[in-house]
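The structure appears right after this line, and notes come after that.
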Amino acid sequence: MVGQYARADNPAWVSETGFEAATAPYHFHVLGRGGIGFSVFGIDGNEDTPDTQAAIAAHAAGFGLLAPLQRELAAGAFAGTLQAAVEHAAVEPAGVPKQSLRFGPWQAQVSFGAPGWGEAPAILPGTAQHDGRALVLELHPNVFLVTGFNSRVEFVRDRADGKYGQLLRVEQGRYVDGQWQFVRLLNGDETDYGLNFRRRDPYVLRVTVGTY
């Protein structure tokens, strides 16, 4: 549905969406298609049930993660350098392939259900909760901002020029008043098979890639 409105001259605004945990990943989908807003409907006056608590937690986690990045995401959506991958609620019995987000010669390949360690197979089982999602923003040539939940992101490069791609630097950090604040540098064991984002306590990474 969002695709019918996702044009450069008509950015999508989702004014109402269901208040369930299952709709939280589509926040990423809307932003990745150049959308400018995602509003949850029916959040007032609900009974305090496990489903309500799960919905609150799921949507709060997404909005809380992205709130400090609003300016960067808006600029990327306007420039066409922001993309998202979202896991579908229903997974085929045979599994699902990786989703590829293309940025010039680079691809960000997103996996849902990859093992905690080791290569991700070409066909994946999906996550237990079917709530995986990832956002990738190209800040500059060869520099990306990456975040998500319950997913793995791998950067691979087309080799039309015979060059191989590699990760040069992966920083964990945060934006404060529009400025990137470095927190720590990820080591090789943390990036060997891709950038893994947990379901809980997600983080934001600034990734620099290069060739050799």
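Quick note: to get the numbering used here, add 491 to the position in the sequence shown (first position is 1). Glycine included, each C-beta is placed from N, C-alpha and C at the ideal position.
Would you give the residue range spanned by the beta strand (DSSP E) that residue 679 belongs to? Per DSSP, residue 679 belongs to no beta strand (DSSP E); it is in the alpha helix (DSSP H), 679-682.
What first and last residue would you give for the alpha helix (DSSP H) that runs through residue 556? 541-557
Under 8 angstroms between C-beta atoms of residue 603 and residue 592: no
Quick check on residue 516: buried or exposed, where buried means 16 or more other Cβ atoms within 10 Å of its Cβ? buried
For residue 530, does the count of other Cβ atoms within 10 angstroms reach 16, so buried, or fall short, so exposed? exposed
Cβ shell of residue 519 (< 6 angstroms), same chain only, five flanking positions each side left out: 575, 577, 624 and 626
Which same chain residues, not among the five before or five after residue 550, have their C-beta less than 6 angstroms away from its C-beta? 515 and 531
Going by CA-CA distance only, name the one from 537, 523, 502 and 686 that's closest to residue 509. 537
Compare the beta carbon distance of residue 662 and residue 689 with 8 angstroms and say whether it is the shorter of the two. no
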